[in-house]
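Sequential numbering from 24 applies to the sequence shown in this note's numbering. The beta-carbon is built from N, C-alpha and C at its ideal position, and this holds for glycine as well. Since the structure is predicted, the reported quantities are computational estimates derived from the model, not experimental observations. Here is the structure we will look at.
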Amino acid sequence: MGIGIGEILLFGVLILVIAGVVQLFRSRGAGPNLATQLASLEELRKAGSLSEEEFSKAKEKAIAGVGAGQPPSKPSAARRLFGLAALLGLAWFLSRLFLGGDVTQRLVATAVHAPIDLVSAVENVPASSWRALPFTLPYSGRLSVNVEVKRGNKMGIRVLPSDQIEAYKAEKEFRRLPAFDATDAQFLRTSENLPEGTYYLVLRDDTLGILSASSSDVAVGVRLEP
């Protein structure tokens with residue numbers, strides 16, 4: 024199963040929301056504003072803790088500091104790394120909560136070009152029929168296909184680009200991928216580099232189911248690696 028655009032957008036929105044919340048709390052904790060500083064100085068002056076001269080100098084300094092836009096102190100590298108780790112951890116948790124664990128793992132794997140298991144299933148294919156399993160390569164890489172008939176009849180096994188499936192359905196000429204094309208096979212284990220895009224793994228049983236099994240169980244594994 025591929026990753027939808029909506030899932031990627033939702034993941035991005037989660038990151039932006041978390042970053043906005045973090046920035047909001049950081050801005051709130053940046054220190055007292057000018058009005059608060061002036062009020063504190065006024066209280067000290069009334070209490071006699073500051074002379075008129077000291078009050079005037081402190082007031083001018085506070086106003087000058089705000090006008091100059093005093094830059095906040097830069098956080099240490101360790102603090103920045105901790106904040107980034109916390110942000111990513113929260114994003115991971117929320118994405119698993121809203122998108123599910125499988126989708127989250129695919130998003131991360133896509134972002135870092137890590138290996139991804141695209142298909143892992145056992146399919147039942149009736150005699151005299153065929154089945155097409157769609158999958159999407161989120162990045163160009165080495166596609167490994169491992170298909171084995173566990174019970175039943177030998178069959179045709181092939182991978183087709185998405186733009187060839189309609190021609191295949193209509194039994195017209197279609198573009199084959201020689202590395203992923205087998206006829207009357209018990210198994211197919213092969214790998215080759217393919218560009219990103221959508222493909223179909225086709226399982227076809229051309230037997231009639233009279234002198235052969237009425238259906239076949241086929242184990243399918245499709246994996247993408249950089």
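Inter-residue spacing [alpha-carbon to alpha-carbon] between residue i and residue j
i    : j    : result
Q60  : E77  : 14 Å
P149 : P157 : 19 Å
M178 : A137 : 32 Å
K192 : D186 : 11 Å
L73  : K84  : 14 Å
R165 : A190 : 25 Å
L217 : D228 : 26 Å
E248 : S152 : 31 Å
P184 : L224 : 9 Å
Simplified DSSP state of residue i, which is helix, strand or coil
i    : result
D229 : coil
S185 : helix
L247 : strand
F197 : coil
L234 : coil
A70  : coil
K80  : helix
8 Å Cβ cutoff met for residue i and residue j
i    : j    : result
L64  : K82  : yes
A236 : N147 : no
F203 : V182 : yes
A155 : V243 : no
V241 : K173 : yes
L160 : E219 : yes
Burial state of residue i (16 or more Cβ within 10 Å)
i    : result
G52  : Confidence in G52 is poor, its pLDDT being 48 and thus under 50, which makes the residue's placement unreliable; the coordinate value appears in the next sentence. Exposed.
S79  : exposed
P201 : exposed
I233 : exposed
I86  : exposed
L231 : exposed
Residue-level contact to chain D via CB, residue i, 8 Å cutoff
i   : result
L61 : Absent from the structure: chain D. Only one protein chain is present.
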